[in-house]
Every structure is written in structure tokens, then in C-alpha cells.
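What follows is one structure encoded as C-alpha cells, with my remarks underneath.
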Amino acid sequence: MVSEYKKAGVDLNKIKEIHEYIAKEISSTYRNVLLGAGHYSGVINYNGIKLALHTDGVGTKTLLALKSGIFEPIGIDCVAMNVNDLVSIGARPLALVDYLAMEKPMDDVVKGVMKGLVKGAIESEAEIVGGETAIMKDVINGFDLSCTALGVVDEIKDGHNVKPGDVILGLRSNGIHSNGYSLVRKLIDDGKISFEDWKEEIMKPTKIYVKPILSVLPMIKAAAHITGGSFSKLRRITNYHIELKMPEPQDIFKEIEKAGVSHEEMYKVFNMGIGMVVFTSPEYKDDVIKNIQKFVEVYEIGKVSEGSGITIFTYKNAVLYL
23 MVSEYKKAGV DLNKIKEIHE YIAKEISSTY RNVLLGAGHY SGVINYNGIK
73 LALHTDGVGT KTLLALKSGI FEPIGIDCVA MNVNDLVSIG ARPLALVDYL
123 AMEKPMDDVV KGVMKGLVKG AIESEAEIVG GETAIMKDVI NGFDLSCTAL
173 GVVDEIKDGH NVKPGDVILG LRSNGIHSNG YSLVRKLIDD GKISFEDWKE
223 EIMKPTKIYV KPILSVLPMI KAAAHITGGS FSKLRRITNY HIELKMPEPQ
273 DIFKEIEKAG VSHEEMYKVF NMGIGMVVFT SPEYKDDVIK NIQKFVEVYE
323 IGKVSEGSGI TIFTYKNAVL YL
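Each residue of the sequence shown is one higher than the last, beginning at 23 in the working numbering.
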């Protein structure tokens, strides 16, 4: 059966193939790389300093921003998609540059996006040091936004020391965040979801997890930003078996599923209420929860055990295998 996401134009298997090809090609340039392509951020050693780099955009959520006239969250999204990936490998964000491309000059887009970028940068304690703005009528439909983020690392948190018995915690998301919007837009265009009724939820910006993760960095082994591919990305952390028992998601996810997306596919495309996952040892669990709760709602959602694969117990008590 063809997935709804593939019908919307996004083939996750094909994207994986592309990523693997790119990773293989660019690896020939490595000289000072400590953590290369395939994880949340790359890390290089520069004169004994570990520098982390990441680049990302906000995808087709920009088209719904144009439809709604809501632009500020898009700027926050762009910062979040980058700094959340930096902290996922233990990096503290330092600086950002942005790239805004438009089909024509659009003052409302520029003002709203810049306001969001600044708000996101302040929240993540990073500085926006420059960027690029381009007008490309024949290339861009509407506008596109991306950022590149730089961070510094003391100890790389790539999950190499995750082992059976470790505890998995889930940090609450702000909603859909910035992934799966090709599918969401298709459902809106097909009349299966009312954009007007769900506009506020759909346009909520991605939660920035920099402060909660940095507050517990010495006590965790790894962190995983739940973005494209959803929980399948936890394979980046460990090859041991991962078992997750998911809490009830926000109503917007239930509405998307009701619109025709299978229960299983929901957990392969969307964050389902958990925007960041943290791995820690049992002795630190209570302290980690206590610290994270100062910033965002957190759940104990799973454990690491012998074996391989990812097992998800959904909020409907269904069992999924990724």
C-alpha cells in the first residue's frame, strides 16, 4: 500500500538513498572531522576546539505561511530546526546565518521572518551574524528559508555509550513543528482538514529545546531531535533495542489521522507529541527529569534493552515496529 506521505510527493525510502549517496561522496573531504554526515550535526576539530555545524530549512510550511499571512513562526522554526540538532550532539549554539529566497520582494515576509529569527536566536542564546537574501522569480515559488548554525562542543553526545538498562525520556512538542507539511497540505487541499479551523495549531513554531538539554548535558548520553522520519531516526543513537510507550498526542495529530493517514504512518512521519528524546542512565533519571521540567513537560517513555529494532506502543495501545 502506498503511504499518504508518498502520495503527497515525499518518498522516505528514496530520501534515505539520497542521504546515503551524499554522505559517501562528501566523506572524501574529511580531514579534521570528528562526527560526519549521518548524525544530527557534523563536528570538526579546529586547533583543539570542537566546532559543530548544521544547516536546515522549514520545508513547505512556507506555503501555508503565505496562505495564512502568518510569518513570524517560520523564523522561529528555522532557528529551532538548526539549534535543536546542534544540542542533540552536545553542542552549545553560538551563531547563525540565514538564507531567505523569494520570488519577488515581499515586505510582510521579510519583517515577519526576521522577527521570528531574532526571537528564536534570543531563545537559543545564539547570535545572527549575517545571511543572504535573494530574489529568484523563475526558481522560487513564494519563499524559502534556511539557516546554518555553528556551535561548540565539550563532549560529543552521539550515543556510543548507550546500553541496555538506560532510560528514555520524551520532551513535549509544540505540535507538528516543521515536518510532514507536504502531507498536511495535501490533506488541506483535498478538503480533509479545514485550515481555517486548525490554522493556529498548524502554524505553531517548533519548540526550541536548547535550554532544557544544556541544563542536563553532563547527565545524558544522547539526545534525538524528532524531525523527518520521526522515531526511525533513533537508530542514529544506538543499535540496541529501543522500546517506547508514547503519551497521548495533541488533538491536531488525531485530526490528521482522522483525515485518512494510517495510525502506523503517523508515527513514521510526525513527532506525535514528543519533539526531543533523551537517553540517560537510571541513576540520573530523576535529576534529569527535575531539571527539564523547569522548561518543558517531560515523560519517561521507554528503555534500551538487548536486541535490535524499535518497538512503539502507541497511545491507542497498538504495537508498531520500525
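Using N, Cα and C, we set each Cβ at its ideal position, and we do this for glycine too.
For residue 75, the three-state secondary structure derived from DSSP is strand. The beta strand (DSSP E) runs lying completely inside the stretch 179–238 and spanning 3 residues or more are 189–194, given in chain order. With contacts defined by Cβ atoms closer than 8 Å, residue 316 and residue 244 do not form a contacting pair.
Counting C-beta atoms within 10 angstroms of its own C-beta, residue 186 has fewer than 16 neighbours from the protein chains shown and is therefore classed as exposed. Taking a C-beta distance under 8 Å as the contact criterion, residue 310 and residue 109 do not qualify as a contact pair. DSSP links residue 302 through a beta bridge to 189 and 242.
Residue 251 has its alpha-carbon roughly 14 Å from the corresponding atom of residue 259. DSSP places residue 344 outside both helix and strand once states are collapsed to three, so it counts as coil. Shown here for residue 85: same chain residues with a beta carbon closer than 7 Å to its own, the five before and five after excluded, namely 164 and 207 in chain order. Residue 96 holds the alpha-carbon nearest to the alpha-carbon of residue 136 among 96, 54, 323 and 62. With three or more CB-CB distances shorter than 8 Å, the stretch 325–340 counts as touching the stretch 265–278. At the C-beta level, residue 111 and residue 65 come within 8 Å of one another. If you draw a straight line from the Cα of residue 155 to the Cα of residue 138, it is about 16 Å long.
Note on geometry: alpha-carbon atoms of residue 237 and residue 133 lie some 32 Å from one another. Counting of Cβ neighbours within 10 angstroms places residue 304 among the exposed residues, the total staying below 16. Sorting 77, 63, 321 and 329 by C-alpha distance to the C-alpha of residue 194 places 321 at the top. The C-beta distance from residue 107 to residue 129 rounds to 31 Å, too long to fall under 8 Å, and the pair is not in contact. Under a 10 Å Cβ-count criterion, residue 228 is classified as buried, with 16 or more other Cβ atoms of the shown protein chains found around its own Cβ. When the alpha-carbon of residue 74 is set against those of 177, 215 and 332, the nearest one is in 177. Counting only runs of 4 or more residues that sit fully inside the stretch 123–159, the alpha helix (DSSP H) segments are 129–146, in chain order. The C-alpha of residue 51 lies about 21 Å from the C-alpha of residue 38.
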